[in-house]
Amino acid sequence: MSTALKSRLAAAGSALRERDVDGTTLLLAACFVPMLAFFVVVWVIPIVYALGMSLFASPVRNPEFVGLGNYAELLGNGAFWGFLWNSVVYAVATTGLSLVIGLGLALVINQRIRGGDALRTLMIFPYLLPTLVVIFMWKFILDPNIGILNQFLVDAGLIDKPIAFFSTLEFAMPAVVVTSVWKFASFAFFILLARLQAIDPDLYERARVEGATTWQAFRDITFPHLRGAILIILLVRGIWMFNKFDIIYLSTRGGPLQQTTTLPIRVYQLAFSEVNFGMATALAGVMFFLLAGVAVVYFRAFAPEKEVA
Amino acid sequence: MATSIHLDTVRKEFRTLGNTHVAVDDLSLDIPEGSFTTFVGPSGCGKTTTLRMLAGLETPTSGTVSFGDEDVTDLPPQERNVSMVFQSIALYPHMSVRENIGYGLKIHGVPKAERDERIDEAAEVLQIEAQLEKMPAELSGGQQQRVALGGAFVQDPDVLLLDEPMSDLDAKLKSDLRVEIQRLHQELDTTVVYVTHDQTEAMTMSDQVVLLRDGELAQVDPPKQLFDYPNSEYVAQFIGMPSTNVVDCAVEHRDGETVLVGPGFELSLPAGVDAPTAGRVRLGIRPQYLDVGSAGACRLSVDVEVVETLGTESVVHGRLEDGTPFDVVSDAVDDAVAGDRLDVSFDLADAFVFGEDGETILFGSERAGERSSSPAGTGGVTP
Amino acid sequence: MATSTGRSLVSHDTQKRLQRIAVYLTALLISVFTIIPVYVMVVIAIQSPATTFAGGRVNLLPTQPSLRNFLVLLGSTDTVRYFVNSLVVTLGSTVLSTTIAVAAGYGLTRFDFTGKSLAARAVLFSYMFSPIVLAIPLYVVFSTLGLLNSHFALTLALTAISAPFCIWLMWQYFQTVPIALEESAWVRGASRWRTVRDVVLPVARPGYISAAIFAFAVAWNDFTMARVVMSRDEMYTITVGASLFLDRVSIGWGETMAVSLLISIPPFLIALFLQRYLLQGFSVGGLE
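Chains as they are written, first to last, in this note's numbering: chain A, 1 to 309; chain B, 1001 to 1383; chain C, 2001 to 2288.
And the structure:
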């Protein structure tokens, strides 16, 4: 390049740079404007609007400001605590069982067993299959008239007559839990498998050389590496299960006799069956603050934002 | 077309969460047109930051950078005719070797035919013709390095910047590429600025070595000058392998003569030396300049701890009687073992005297005429 | 090792063998637990109900495959329209979510600004958020704006639940892309935009394929948002539409499993061909 051309370019360059010749400002805008606009439109505005709504009685038809009246009514009602309890039971049972199964399978596949890759592929299906499909499968298997589980149990002489699992008081919750665990165990499995495969094999070699038994190696090497992931699964998966709507709604609609009515089911009922948006938004508000509380614990305990910022 | 580079009181600060870190402090420097200049120093000394300011990837907090007469301080990298080879090599994983080398030409709108011609030429020089259609992931580390070099010089830059380009290569490849890079420099009309923490690379390749310390200029000189006339204890210790021995000495006056008293030896300074008349100084003596036996004027004993055999010569790591670590390089110590006491000697001509502030106050060779023993070629700096 | 085997009752080899058996047994049990429901679905879908329920019992060894169930779906239900609705909103929200995520992930990684950890927490909080708790406010807003029963509203709603994770994933992904790749392009004369086009986007491809898969899975799986936003039959997505099949007298298990099989095709293809991208998503947290 000739010197003359270059100095001309340079002069033009510094002039243009005042007006952002390399497009950095524009790039900055292109990166952040969509995200910010999106968050404001689908998160901030709706949530603020709904929180505002929760302060009114019948906010849609003839709004009447009641302050925290909806909240007081909600929390003062014994039924709320029952639904909260159902949510906790469901969350604890599904998260716990998923973790046990997921951990077991992750440990098994990490042994490099024959067919391990196929089994891993297989485990993707429950996670990817839409909830509706999972419900159909299990409704069929657990069906009192034609379900194959009942057929099997009766044939084996374990029960006298078929059980309507999803609509019997004592079996409804366990049936929903089994269905949920079938779908969500692979979540724990994949996360734990990723962690297991990240452990340096030399650590095990070293433990063996130093005389550790299989159990000691698990306790002193495997478990410490998994502990963080296990806690995160318990916490995040726990929150998600606590807030799970579709799988319960599709299997029992909260019945029988509200035996499986959790807070998410109750929100839906309040809004769309009872068309009481004051109470529905108040309950959504309560769930929002519960979630925020757990998030604070999560951020304090794990500082997950450190991974990126 | 090669250009000279001038840095004038360049300062670079990084601010993070209220902390201000000064990476480069008041650096003024001239790099001659067409020269091979190496920035060397321990990690964190500001050498890479300086290089990045030359590339335009960082803007100085204050001071100016010019290429020739042109002030480029605020010019973005796109508008400087520089090329850079990164420490991480930074080949585009989704482009073939050919595309990688030719990317800069493509940006500048060079037509495909001419591009290919220049890429082929570069590939031939670097002996990677056979790899042109491969993807970077298929190449060995040394080949990747050559591709990165090709991508840099195919653009015919005024300034070629290399940021520790060999830090991940093994010793054999390093020495091959060192030759390659020097050959390229001779063929190309370009100013090369090379950053490394490896003083061997700095000493063997450069016309001029810039040694930095905590963002400040410690010394800038041709390699030989830097080795023989380090202007401070820091430079003396950084340049040369093993490091220069440094021994605390007391200064005494006897009969009008200045005598340095160290652990187990005394060294008289000739009259007229501009040394402190009392107090303490530090005496520097390169391990290569020690003679086993008593040929030198000043004798001392070393308690041997470890002996490393390097083939033709050995490195003895030991201590003086007061515990000061002291190394000796010699071809006459093959049979030394740990626990031995080794008698060595040296002449004033081979010593440096450092003041308490670390500055060199006396080069022995300037006072005692020519060296009595000189290092064998560059063997003195080869590890 | 010697001390532990010395004390145990069974030999080291036997221990190893027992351990091996336990490992395979666990694998077998879980495989069976996973496969049976899928198998049942497939068999019932590809047999006519007459064959399946012949003799008053469920016959699960396919003897006479038939397309009868699928033909009934085509002939007497709106399955096709439901699928079209699903595809429209799923593709829409996949593109939207991935685009937002790539842009945001790049910007969040490459630009410095104060409050980065706050931004990270906001993304994570929305990532943990409950779809139903978001669905109620969205319903209220869409209803006020008259946007209920529109593909647009459902696309936004689905993007709302998939975007946070996609942003998180891309944010993490861009951290692994060395800035030197971009700097090397700048030094060679490429503008920031040109660099984004020539270097950043191609290098980030595995990341955004992963993000797109998760966005797709969320939208394709979704029942909650579609249930809340769509109340008119002709706007139902396949999951909402099919969920009502069992309430109809005219539709039995055969057709239900047939539609389930059809819904399962996209996830099946993903599991088979795009597995590694999915696993990559799990390494940074996975999704609801």
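Glycine residues also receive a C-beta, built at the ideal position from the N, C-alpha and C atoms.
Helix, strand or coil for residue i per DSSP?
i: D220/A; result: helix
i: T1190/B; result: coil
i: A1002/B; result: coil
i: M1135/B; result: coil
i: L107/A; result: helix
i: V2058/C; result: coil
i: E64/A; result: strand
i: L2154/C; result: helix
i: C1045/B; result: coil
i: K1012/B; result: strand
i: S1314/B; result: strand
i: N1019/B; result: strand
i: T2237/C; result: coil
i: P2065/C; result: strand
i: R1254/B; result: strand
How far does the alpha helix (DSSP H) with residue i in it reach, from first residue to last?
i: R2110/C; result: T2079 to R2110
i: A1351/B; result: From DSSP, A1351/B is part of no alpha helix (DSSP H) but of the beta strand (DSSP E) over A1351 to F1354.
i: H2012/C; result: H2012 to I2046
i: G52/A; result: I45 to M53
i: S1140/B; result: Premise fails: S1140/B is in no alpha helix (DSSP H) and is neither H nor E.
i: G1284/B; result: Taken as a continuous stretch (DSSP letters only), G1284/B belongs to no alpha helix (DSSP H), being part of the beta strand (DSSP E) at R1280 to I1285.
i: E1266/B; result: Looking at the DSSP string, E1266/B is not in any alpha helix (DSSP H); the run it does join, the beta strand (DSSP E), is F1265 to L1269.
Using a C-beta cutoff of 7 Å, does residue i count as contacting chain C?
i: I163/A; result: no
i: L1057/B; result: yes
i: I248/A; result: no
i: P63/A; result: no
i: N276/A; result: no
i: M279/A; result: no
i: I1361/B; result: no
i: Q197/A; result: no
i: H1021/B; result: no
i: P1077/B; result: yes
i: Q111/A; result: yes
Ends of the beta strand (DSSP E) at residue i?
i: P1325/B; result: P1325 to S1330
i: E1216/B; result: E1216 to D1221
Name the chain C residues that come within less than 7 Å of residue i, Cβ to Cβ?
i: Q258/A; result: Under the 7 Å cutoff, chain C gives no residues; its nearest Cβ is about 17 Å from Q258/A.
i: E205/A; result: Within chain C, no residue comes near E205/A; the closest Cβ sits about 13 Å away, beyond 7 Å.
i: I1128/B; result: Neighbours of I1128/B on chain C: none; closest Cβ ~18 Å, over 7 Å.
i: A91/A; result: What A91/A touches in chain C: nothing, since even the nearest Cβ is about 12 Å away.
Mind listing the chain B neighbours of residue i? Cutoff is C-beta to C-beta under 7 Å, in chain order.
i: V2199/C; result: Y1092
Measure from the C-beta of residue i to each C-beta in chain B and report whether the shortest distance is under 7 Å.
i: P2206/C; result: no
i: P2202/C; result: yes
i: P2062/C; result: no
i: P2137/C; result: no
i: P2049/C; result: no
i: P2037/C; result: no
i: P1965/C; result: No statement about residue 1965/C is possible, as the shown extent of chain C runs from 2001 to 2288 and does not include it.
Compare the C-beta of residue i against all C-beta atoms of chain A and say whether one is closer than 7 Å.
i: L2065/C; result: The identity of residue 2065/C in the sequence shown is Pro, whereas the question assumes Leu. Not an interface residue.
i: I2021/C; result: no
i: A2104/C; result: yes
Is there a Cβ of chain F sitting closer than 7 Å to that of residue i, yes or no?
i: F80/A; result: The structure shown has no chain F; the protein chains it does contain are A, B and C.
At a CB-CB cut-off below 7 Å, which residues of chain A make contact with residue i?
i: R2121/C; result: F299 and E305
i: P2131/C; result: F245
i: G2107/C; result: L28, C31 and F32
Interface residues of chain A around residue i at Cβ under 8 Å?
i: T2239/C; result: P130, T131 and L132
i: I2046/C; result: Those within 8 Å of I2046/C in chain A number zero; the least Cβ separation is about 15 Å.
Given the structure, does residue i come close to the ligand FMN, in the sense that its CB is under 6 Å from one of the ligand's heavy atoms?
i: V1259/B; result: The model depicted lacks the ligand FMN and carries no ligand whatsoever.
Near-chain C residues of the region 1082–1102 of chain B (beta-carbon distance less than 7 Å), N- to C-terminal order: V1082, S1083, M1084, F1086, S1088, A1090, Y1092, P1093 and H1094
Positions along the region 2180–2193 of chain C whose CB lies within less than 8 Å of some CB in chain B: A2180, L2181, E2183, S2184, A2185, W2186, V2187, R2188, G2189, A2190 and S2191
Contact set between the region 1240–1260 of chain B and chain C, restricted to residues whose Cβ is under 7 Å from the partner: none
Under 7 Å (Cβ pairs) to chain C, residues found in the region 1143–1173 of chain B: Q1155
Selection of the region 2206–2227 of chain C by Cβ proximity to chain A, strictly under 7 Å: A2217, W2220, N2221, F2223 and T2224
Residues within the region 1104–1115 of chain B neighbouring chain C, beta-carbon criterion of under 8 Å: G1104, I1107 and H1108
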